[in-house]
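Per our numbering: the sequence shown = residues 56 to 187. Positions of the beta carbon are idealized from the N, C-alpha and C atoms, including for glycine.
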Amino acid sequence: MHNVNYKRKIRICHQQKCVENLRHIIEATDAKVVATSDWKYIMSFMELLDTWKARNLPGELIGTTPNCSLHRGDEIDEWLFGCDEEALDYIILDDMDASCFNEHQLSRLLIVNPYTGLDEETAERAIALLNR
Numbered sequence: 056m057h058n059v060n061y062k063r064k065i066r067i068c069h070q071q072k073c074v075e076n077l078r079h080i081i082e083a084t085d086a087k088v089v090a091t092s093d094w095k096y097i098m099s100f101m102e103l104l105d106t107w108k109a110r111n112l113p114g115e116l117i118g119t120t121p122n123c124s125l126h127r128g129d130e131i132d133e134w135l136f137g138c139d140e141e142a143l144d145y146i147i148l149d150d151m152d153a154s155c156f157n158e159h160q161l162s163r164l165l166i167v168n169p170y171t172g173l174d175e176e177t178a179e180r181a182i183a184l185l186n187r
């Protein structure tokens with residue numbers, strides 16, 4: 056029982072570090088966030104937005120990719136097709152394999168470790184890509 060609590064504390068601490076790394080990206084780039092997560096299949100955009108705010112997540116969640124394909128890259132392309140030109144400078148932070156994305160997206164893809172989340176190194180790479 057004592058080990059479970061210890062592991063839980065580490066996980067909570069780790070999640071906070073991921074949020075801080077996301078905050079760092081957003082503050083350094085003024086980036087807006089579009090969710091591509093599978094959460095969009097079980098929560099409405101308003102529910103996601105409420106969760107975003109309740110957890111005090113950084114930045115502005117402006118939308119979710121459409122549920123138009125089982126291929127994440129196609130959903131991102133569909134969202135980009137319908138947005139204004141300002142949003143065309145983007146990166147993809149995801150824990151899915153590169154095969155889930157389209158070839159032309161790979162230079163914008165930063166794969167996040169599914170177990171450790173968004174780390175400082177990946178955050179710095181994201182900032183460099185967005186500020187180039």
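In this structure, P113 is the residue among P113, A153 and T171 with its C-alpha nearest to the C-alpha of V89. Contact annotation, N76 with Y96: C-beta distance approximately 25 angstroms; criterion of less than 8 angstroms not satisfied. Taken through DSSP and simplified to helix, strand or coil, N76 comes out as helix. DSSP places T119 within a strand segment (E or B) once states are collapsed to three. By the neighbour-count criterion, in which a residue is buried when 16 or more other Cβ atoms sit within 10 angstroms of its Cβ, C155 is buried. Of the residues assessed, D149 falls on the buried side of the cut-off, its CB having 16 or more other CB atoms within 10 angstroms. In the DSSP assignment, G172 forms a beta bridge with N168. Membership of I131 in the alpha helix (DSSP H) is indicated by the continuous run R127 to F136. In the three-state reduction of the DSSP assignment, A83 falls in the helix class, which pools H, G and I. D132 sits away from N168, with the two beta carbons spaced by 8 angstroms or more. Pairing I117 with A178 gives a Cβ-Cβ distance that is not under 8 angstroms. Beta-bridge analysis with DSSP links A109 to no other residue. Apart from the 5 residues on each side of it in sequence, T84 sits with its Cβ closer than 7 angstroms to the Cβ of I182, L185 and N186 in its chain, given in chain order.
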